[in-house]
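J.: Top line first, the protein sequences correspond to chains A and B. Read left to right, the first sequence gives residues 1 to 338 (our numbering). Read left to right, the second sequence gives residues 339 to 676 (our numbering). All C-beta atoms, glycine included, are put in the ideal place defined by N, C-alpha and C. Keep in mind the model is a prediction, meaning the values are calculated, not measured. What follows is a single structure, and I will ask about it in a moment.
There are 2 protein chains.
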Amino acid sequence: MPSASAPTLESVAARAGVSRATAGRVLAGSARVSPAAREAVLRAASELSYVPNQAARSLVTRRSGSVALVVVEPVERFFNDSYFPLVLTGAQALLAEREVQLVLVVLSTARERERFERYARGGHVDGAILVSVHGRDPLPQHLADAGIPVVMSGQPLDPASTVPYVSADNVGGARTATRHLIERGCRRVVTVTGPMDMRVGHDRLAGFREELRAHGHRFSAKLAEGGDFTVAGGRAATEALLARVPDLDGVFAANDLMAAGVLQALAAAGLAVPGRVRVVGFDDAPLASAATPPLTTVRQPVVEMGRELARMLLAVIDGEPPVAPVVAPTSLVQRATS
Amino acid sequence: MPSASAPTLESVAARAGVSRATAGRVLAGSARVSPAAREAVLRAASELSYVPNQAARSLVTRRSGSVALVVVEPVERFFNDSYFPLVLTGAQALLAEREVQLVLVVLSTARERERFERYARGGHVDGAILVSVHGRDPLPQHLADAGIPVVMSGQPLDPASTVPYVSADNVGGARTATRHLIERGCRRVVTVTGPMDMRVGHDRLAGFREELRAHGHRFSAKLAEGGDFTVAGGRAATEALLARVPDLDGVFAANDLMAAGVLQALAAAGLAVPGRVRVVGFDDAPLASAATPPLTTVRQPVVEMGRELARMLLAVIDGEPPVAPVVAPTSLVQRATS
DNA sequence: GCATCCCGTGAGAGCGCTCTCACTGCCTCG
DNA sequence: CGAGGCAGTGAGAGCGCTCTCACGGGATGC
Chain A
1 MPSASAPTLE SVAARAGVSR ATAGRVLAGS ARVSPAAREA VLRAASELSY
51 VPNQAARSLV TRRSGSVALV VVEPVERFFN DSYFPLVLTG AQALLAEREV
101 QLVLVVLSTA RERERFERYA RGGHVDGAIL VSVHGRDPLP QHLADAGIPV
151 VMSGQPLDPA STVPYVSADN VGGARTATRH LIERGCRRVV TVTGPMDMRV
201 GHDRLAGFRE ELRAHGHRFS AKLAEGGDFT VAGGRAATEA LLARVPDLDG
251 VFAANDLMAA GVLQALAAAG LAVPGRVRVV GFDDAPLASA ATPPLTTVRQ
301 PVVEMGRELA RMLLAVIDGE PPVAPVVAPT SLVQRATS
Chain B
339 MPSASAPTLE SVAARAGVSR ATAGRVLAGS ARVSPAAREA VLRAASELSY
389 VPNQAARSLV TRRSGSVALV VVEPVERFFN DSYFPLVLTG AQALLAEREV
439 QLVLVVLSTA RERERFERYA RGGHVDGAIL VSVHGRDPLP QHLADAGIPV
489 VMSGQPLDPA STVPYVSADN VGGARTATRH LIERGCRRVV TVTGPMDMRV
539 GHDRLAGFRE ELRAHGHRFS AKLAEGGDFT VAGGRAATEA LLARVPDLDG
589 VFAANDLMAA GVLQALAAAG LAVPGRVRVV GFDDAPLASA ATPPLTTVRQ
639 PVVEMGRELA RMLLAVIDGE PPVAPVVAPT SLVQRATS
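Written out as structure tokens, the structure is:
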């Protein structure tokens, strides 16, 4: 409850001895106003510690001045995945420059999703950055169809999607990782793939296959085993691969968590890393440098991607029509496993 | 950009063949409306997939229907402290029940703080839950003075603060921990304290002293060494304590991170836990059960405290005047270090 | 010296909603 | 059978802001 009713533009104008219109001009920073009037208004505003009423403002401008960063994940995952803090940092940085308030929304339940849709459609935010969209989740397209500016991280699986996105160069990164293994002398390179209901899973496998072919190695299904982006999944996949390809000497894991599982399985099998088998992961998660031995991995510029997502969203909000997807370059971080 | 202009109450009313007032009544769920009119309005609204314009609504109701959960921390700390996900979960749960949208705001820089104040004062949110307020940070009182309903977690250090808060029973919890050590046979019990610029540091030390006295042990300054709630701080403090009190056989660490440091230092000194020295922490962080050996600790009901914070904030927003602070009970979780 | 320009300003409409007030018509009651 | 009541409805004001439009007056141009 405001102690008294909050000061309005009207009261500022009255105190400054000008009309509401003039006061508005000054506060909007725009247009031609006499220095005298400007100063009077500014003083009045600060004396009353005036803050414009957002509701009134957005009623006419149809802008709220804030955007949502939406994470569709259980709360625990949100806090345990190293990806989110980095995206948040990047997006926050750019939005702060543009004087846009970022609000974070974690959607764990169907009910929360629904509420958020009403929230967004009601004009509470001018747009949304969706991170961690799974499979063919219709949420992004749904919001976009409702006229809400939306961008997302990661290429959508649905080819019909028109939502602009920012993605790491997963194919290129996987090629780099694979090439690195081959160049380090590996002759029997295998891969632990990500989930195939995500685009990222497909792309990292595709890069692996392409690079193999480029070096005259032949790809066959037995060289790839599906993981689920978890440590346990990586371990299980490695065990399966070892059974099928006992002489494997290089492993490309489609993310670092699985790479950690790979290292565990190799250690359990008594295979030295990098002496007997070389391993490369993907993501450059904090865990990568903390692993034993420290993991060679492919870094994606997540902070920059967060910035780019924010920039992109503002472009969509400003109605710049053809917002092209962005593919961010990856780079190899060489540590001890290769 | 909305594809077409969004449907308004006016257009719903027109389609339903009633006046705006009647349409409003139906959608507000209130008052006496004929079944026929009600049904017509409902159908029109759903056909147009009408969502009320929040700006217009809050302009008149002076309510936004959302509240902020504000974390004054660097982004990394926000993601690395196990406290936040739990508070968030609790608050989110209660707010969802009351149909209030929660927005999360992370304030890392002075600039972001300032922006948030304008954001809140502009009426974007109806109130704020502040977690992780440090020392005598004036932010809570500042917001409260500006007429923004505010509640906070943790008792403020400033005795003049009028901001309602939810705190764990830190004194009681510390007493429980200390009593437990004494009852397990410890004769020389020491404590690693939290930072003294936080109320929680004071209180956990106070509980330690009280319980010591209650058992006829005398407290002296050499039995307490200041830590900073970090693992490294806990280790350093333990080394200092060991130098001063070589025959110590019980350590109460004011949080689990420091307790982990205590365990490290004791291991380094070759002192068996719990054989030679018993250790109790505070918080029941995930790390506590993962430590070697698993840590006995004092649990605070953080999820419930999050709920309570949300409930409290809604009470303040609804203008229920005397909102009393809440002190949540703690409980001992016995594991292997005692 | 008179028409033209434009700078600084104020009046006023209107964004979409909520809420009060007044009106109509039907039902109830004396 | 007339007065009162009340359910259902509509008209309209107004929340605080932005933005267009029009207007007075001083400077400029030929």
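How about proline 659 of chain B: is its Cβ closer than 6 angstroms to a heavy atom in the ligand MN?
T.: Absence of the ligand MN is noted for the structure shown, with no ligands found whatsoever.
J.: Return the residue from the list A:Pro52, A:Asp249 and A:Ala56 that minimises the CA-CA distance to asparagine 391 of chain B.
T.: Checked all of A:Pro52, A:Asp249 and A:Ala56; the closest Cα to asparagine 391 of chain B is A:Ala56.
J.: Hey, is asparagine 480 of chain B's beta-carbon within less than 7 angstroms of any beta-carbon in chain A?
T.: In the sequence on display, residue 480 of chain B carries histidine and not asparagine. Not one chain A Cβ lies under 7 angstroms of histidine 480 of chain B.
J.: Name the chain B residues whose beta carbon is nearer than 7 angstroms to that of threonine 89 of chain A?
T.: Within chain B, the residues near threonine 89 of chain A are Val413.
J.: Report yes or no: do three or more beta-carbon pairs, one from the stretch 252 to 266 of chain A and one from the stretch 311 to 328 of chain A, lie closer than 8 angstroms?
T.: Touching, no.
J.: Please list, in chain order, all residues of the same chain as glycine 572 of chain B whose beta carbon is under 7 angstroms from its beta carbon, the five residues on each side excluded.
T.: Cβ neighbours of glycine 572 of chain B beyond the five flanking positions: Val530, Gly565, Ala591, Leu595, Met596, Ala597, Ala598, Gly599 and Val600.
J.: Just the Cα atoms here: how many angstroms apart are proline 494 of chain B and arginine 474 of chain B?
T.: In a straight line, the C-alpha of proline 494 of chain B is about 7 angstroms away from that of arginine 474 of chain B.
J.: Since serine 66 of chain A meets chain B, which of its residues come closer than 8 angstroms, beta carbon to beta carbon?
T.: Within 8 angstroms Cβ-Cβ: Tyr457 and His462.
J.: Measuring CB to CB, does aspartate 507 of chain B end up less than 7 angstroms from proline 345 of chain B?
T.: Contact flag unset, no.
J.: With DSSP run on the structure shown, which of helix, strand or coil describes glycine 428 of chain B?
T.: Reduced to three states, the DSSP call for glycine 428 of chain B is helix.
J.: For the stretch 74 to 87 of chain A and the stretch 110 to 127 of chain A, state whether three or more C-beta atom pairs, one from each stretch, are separated by less than 8 angstroms.
T.: Flag = no, the stretch 74 to 87 of chain A and the stretch 110 to 127 of chain A do not touch.
J.: When the distance is taken between beta carbons, is threonine 230 of chain A closer than 7 angstroms to leucine 295 of chain A?
T.: No. Outside cutoff.
J.: Could you tell me the alpha carbon to alpha carbon distance between alanine 96 of chain A and arginine 335 of chain A, rounded to whole angstroms?
T.: About 35 angstroms.
J.: Anyone know if the C-beta pair for alanine 16 of chain A and alanine 36 of chain A falls short of 7 angstroms?
T.: No, these two residues do not count as a Cβ contact at 7 angstroms.
J.: Can you check the stretch 157 to 228 of chain A for any beta strand (DSSP E) of at least 3 residues that lies completely inside it and give the ranges in chain order?
T.: With a minimum length of 3 residues, the continuous beta strand (DSSP E) runs that stay inside the stretch 157 to 228 of chain A are 165 to 168, 189 to 193 and 224 to 226.
J.: Taking only beta-carbon atoms, is leucine 347 of chain B less than 7 angstroms away from chain A?
T.: Cβ-Cβ to chain A under 7 angstroms: no for leucine 347 of chain B.
J.: So for alanine 605 of chain B, helix, strand or coil by DSSP?
T.: Correct three-state label for alanine 605 of chain B: helix.
J.: What does the alpha-carbon distance come out to for the pair serine 651 of chain B and valine 615 of chain B?
T.: Correcting the residue type first, residue 651 of chain B is leucine in the shown sequence and not serine. Near 44 angstroms, if we compare the C-alpha coordinates of valine 615 of chain B and leucine 651 of chain B.
J.: Going by DSSP, what residue range makes up the beta strand (DSSP E) through glutamine 439 of chain B?
T.: Segment 439 to 444, the beta strand (DSSP E) holding glutamine 439 of chain B.
J.: Kindly indicate which three-state DSSP category glycine 65 of chain A falls into: helix, strand or coil?
T.: Note: glycine 65 of chain A maps to coil in three-state DSSP.
J.: For histidine 553 of chain B, which residues in the same chain have their Cβ closer than 8 angstroms to its Cβ, ignoring the five residues on either side in sequence?
T.: Contacts found: Arg517 and Ile520.
J.: Could you check whether valine 100 of chain A and valine 72 of chain A sit closer than 7 angstroms to each other, using their CB atoms as the reference points?
T.: Cβ atoms of valine 72 of chain A and valine 100 of chain A: not closer than 7 angstroms.
J.: Kindly provide the ranges of any alpha helix (DSSP H) runs that are 4 or more residues long and lie completely inside the stretch 446 to 480 of chain B, ordered along the chain.
T.: Within the stretch 446 to 480 of chain B, the complete alpha helix (DSSP H) runs of at least 4 residues are 448 to 459.
J.: Sort A:Gln141, A:Val151 and A:Gly147 by Cα distance to alanine 160 of chain A and report the nearest one.
T.: If we check each option's Cα against that of alanine 160 of chain A, A:Gln141 comes out closest.
J.: In chain order, what residues of the same chain lie with their CB nearer than 6 angstroms to the CB of proline 2 of chain A, ignoring the 5 residues before and after it?
T.: Low local confidence applies: a pLDDT of 37 at proline 2 of chain A is under 50, so the model's placement there is unreliable, with the coordinate-based value given in what follows. Nothing meets the Cβ criterion.
J.: Once the 5 residues before and after leucine 42 of chain A are set aside, which same chain residues still bring their CB inside 6 angstroms of it?
T.: Cβ within range, chain order: n/a, list empty.
J.: Would you check if the distance between the CB atom of leucine 407 of chain B and the CB atom of alanine 429 of chain B is smaller than 7 angstroms?
T.: For leucine 407 of chain B and alanine 429 of chain B, yes; Cβs fall inside 7 angstroms.
J.: Measuring alpha carbon to alpha carbon, tell me which residue in B:Ala623, B:Gly403, B:Ala466 and B:Met490 is nearest valine 664 of chain B.
T.: Valine 664 of chain B has its Cα closest to that of B:Met490, out of B:Ala623, B:Gly403, B:Ala466 and B:Met490.
J.: Tell me, please, whether the CB atom of arginine 522 of chain B is closer than 7 angstroms to any CB atom in chain A?
T.: No, arginine 522 of chain B lies away from the interface with chain A (no Cβ there is under 7 angstroms from its Cβ).
J.: Using a Cβ-Cβ cutoff of less than 6 angstroms, which residues in the same chain neighbour leucine 550 of chain B once the five nearest sequence positions on both sides are dropped?
T.: Excluding positions up to five away in sequence, the list reads Phe557.
J.: Can you find a C-beta in chain B that's less than 7 angstroms from the C-beta of phenylalanine 229 of chain A?
T.: By this cut-off, phenylalanine 229 of chain A is not an interface position.
J.: What does glutamate 450 of chain B touch in chain A if you count any residue whose Cβ is under 7 angstroms from its own?
T.: Residues of chain A passing the Cβ test: Ala96.
J.: Could you tell me the distance, in whole angstroms, from the CA atom of arginine 542 of chain B to the CA atom of proline 138 of chain A?
T.: Roughly 50 angstroms between the two C-alpha positions.
J.: Where does the unbroken alpha helix (DSSP H) through alanine 328 of chain A begin, and where does it stop?
T.: That residue, alanine 328 of chain A, is in no alpha helix (DSSP H); its beta strand (DSSP E) goes 326 to 328.
J.: Take leucine 48 of chain A as the anchor and find which of A:Ala14, A:Asn80, A:Arg38 and A:Leu59 has the nearest alpha-carbon.
T.: Of the candidates A:Ala14, A:Asn80, A:Arg38 and A:Leu59, the one whose C-alpha sits nearest the C-alpha of leucine 48 of chain A is A:Ala14.
J.: Which bits of chain A does arginine 358 of chain B rub up against, with CB to CB less than 8 angstroms?
T.: Those within 8 angstroms of arginine 358 of chain B in chain A number zero; the least Cβ separation is about 16 angstroms.
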